[in-house]
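Below is one structure, written out as structure tokens; comments come after it.
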Amino acid sequence: MITQVGNGGSGVTRTVEKPSLKNLSAVKALDVLEVLASHPEPMRLQDLAGQLQMNPSTALRFLVSLETCGYVRQDPETSKYRLTLKICAMANKVSENIRLQELAQPFMKKIASRFQESVCLAVERDFAVVYIGVLQLPNQTLRSIQQIGNRAPMHCTGTGKLMLLNHDPDYLDQLIASKGLPQFTPHTIIGRQRLLEELAAVRRQGYALDREECELGSNCLATPIRDYTGQIAAAISVTGPAARLTEAKMRENLPFLLEQADELSGFLGYAPMRNQSNAE
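Numbering (our numbering), first residue to last: 2 to 281.
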């Protein structure tokens with residue numbers, strides 16, 4: 002049994018039965034990837050199926066799915082299959098996230114100590130934010146329920162609003178088409194124009210707020226982590242009960258949070274003066 006708590010910041014707890022691995026399609030697809038990865042040369046369908054002890058028609062079905070997703074390519078001349086560099090890109094992202102987690106740890110500790118609240122580190126993945134770092138204070142009776150690996154919506158979280166600054170309005174339209182703008186509380190922004198106005202304000206002020214928009218009774222203050230190009234590579238946030246993490250407390254400690262975020266951005270090669278000059 003796998004218990005998932007607070008998925009997407011909704012506060013919902015659900016229990017998922019762990020499926021049998023024997024006939025799990027995802028496992029078979031991963032087997033296909035592993036066999037292709039172990040062969041430096043492209044493989045024939047028959048050879049791949051034979052090594053996997055799989056019916057060729059079944060193997061072909063997995064290959065077509067993987068090719069559709071961009072992980073496998075068939076040579077039009079030889080009809081053989083090989084992996085694409087998308088696998089490498091995925092591995093690089095994992096490596097980057099691990100490095101970012103390590104770099105962020107001392108900053109997250111200082112921020113948590115200053116605010117006496119939970120601190121999260123998030124990146125963008127597939128029209129959502131994913132938490133790659135979470136620091137909880139053990140002495141807090143009321144605290145964030147986020148966990149590493151949890152996903153959260155972009156339109157109603159501080160980290161998500163910041164990540165949306167990397168994109169143009171067309172991306173927002175794609176987000177709406179894919180995920181919608183679901184309402185989680187009476188304070189959730191659910192209109193496209195209103196969200197664009199909110200993002201414009203976030204861009205001007207350099208930080209984002211979630212005022213009980215994702216979860217009633219919970220406030221969040223988030224600041225961007227920029228890389229050497231000036232893009233927002235991640236966001237770091239402080240989350241706590243609205244009665245404790247008040248707007249006054251957030252305003253009072255905002256300069257410290259921005260300072261910590263800027264220092265962390267420096268480790269990713271971000272130099273504000275240089276990037277401003279390049280923008281001009």
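Where a beta carbon is used, it is the ideal one built from N, C-alpha and C, also for glycine. From a predicted model like this one, the values you see are computed outputs, not experimental measurements.
For residue i, which residues of its own chain have a beta-carbon under 6 Å away from its beta-carbon, when the five flanking residues on both sides are left out?
| i | result |
| --- | --- |
| Val239 | Phe116, Glu118, Val120 and Leu222 |
| Lys23 | Note that Lys23 scores a pLDDT of 48, beneath 50, so its modelled location is shaky; the value from the coordinates is reported in the next line. Here the set comprises nothing. |
How many whole angstroms separate the CB atoms of residue i and residue j, which I take to be in contact at a CB cut-off of 8 Å?
| i | j | result |
| --- | --- | --- |
| Ala113 | Leu138 | 6 Å |
| Gly159 | Asp127 | That pair is no contact at about 19 Å. |
| Leu67 | Val33 | 7 Å |
| Gly207 | Leu259 | 7 Å |
| Leu173 | Leu165 | 7 Å |
Could you please give the first and the last residue of the uninterrupted beta strand (DSSP E) stretch that includes residue i?
| i | result |
| --- | --- |
| Ser219 | Ser219 to Arg227 |
| Leu255 | Where Leu255 is concerned, there is no enclosing beta strand (DSSP E), although the alpha helix (DSSP H) it sits in stretches over Glu248 to Phe268. |
| Leu210 | Ala209 to Arg212 |
| Ile233 | Ile233 to Pro242 |
Smallest Cα separation from residue i: which of the options?
| i | options | result |
| --- | --- | --- |
| Ile88 | Val130, Ala38, Asp76 and Arg45 | Ala38 |
| Thr230 | Leu217, Thr247, Gly267 and Thr69 | Gly267 |
| Gln106 | Ala92, Ala123, Ala90 and Met55 | Ala123 |
| Glu214 | Arg252, Ala92, Arg205 and Leu196 | Leu196 |
| Leu217 | Ala244, Leu165, Met55 and Glu103 | Ala244 |
| Ala236 | Phe108, Glu35 and Glu42 | Phe108 |
| Lys81 | Arg100, Ala92, Glu42 and Asp263 | Glu42 |
| Val73 | Gln52, Arg45, Asn56 and Pro225 | Arg45 |
| Arg204 | Gly161, Ser179 and Asp171 | Gly161 |
| Thr186 | Val36, Leu165, Pro154 and Leu173 | Pro154 |
| Ala262 | Ala201, Lys110 and Leu176 | Lys110 |
| Asn167 | Pro225, Pro256, Val36 and Gly51 | Pro225 |
| Leu64 | Ala92, Ala90, Leu31 and His40 | Leu31 |
| Ser26 | Leu104, Asp169 and Ala60 | Ala60 |
| Thr79 | Met55, Gln47, Met91 and Gln102 | Gln47 |
| Gln194 | Gln184, Pro170, Gln175 and Ala178 | Pro170 |
Can you name, in chain order, every residue of its own chain whose Cβ lies under 8 Å from the Cβ of residue i, other than the five neighbours on each side?
| i | result |
| --- | --- |
| Asp228 | Ala234, Ser266, Leu269, Gly270 and Tyr271 |
| Asn220 | Leu210, Asp211, Arg212, Glu213, Thr240, Gly241, Pro242, Ala243, Leu246, Thr247, Glu248 and Met251 |
| Ile190 | His156, Cys157, Leu182, Leu196, Glu199 and Glu214 |
| Asp76 | Pro43, Tyr82 and Arg83 |
| Ser129 | According to the sequence as given, residue 129 is Ala; it is not Ser. Gly9, Arg152, Ala153, Pro154, Met155, Gly161 and Lys180. |
Excluding sequence positions up to five away, which residues of its chain have a Cβ less than 7 Å from the Cβ of residue i?
| i | result |
| --- | --- |
| Cys70 | none |
| Ile149 | Tyr132, Ile133, Gly134 and Val135 |
| His188 | Arg212, Glu213 and Glu214 |
Which residue comes first and which comes last in the alpha helix (DSSP H) that contains residue i?
| i | result |
| --- | --- |
| Ile177 | Pro170 to Lys180 |
| Ser26 | Ser26 to Ala38 |
| Gly161 | Gly159 to Leu165 |
| Ala201 | Arg193 to Gln206 |
Original post:
Hey, which unbroken runs of the alpha helix (DSSP H) at 4 residues or more fall wholly within the stretch 50-133?
Top reply: 57-69 and 87-116
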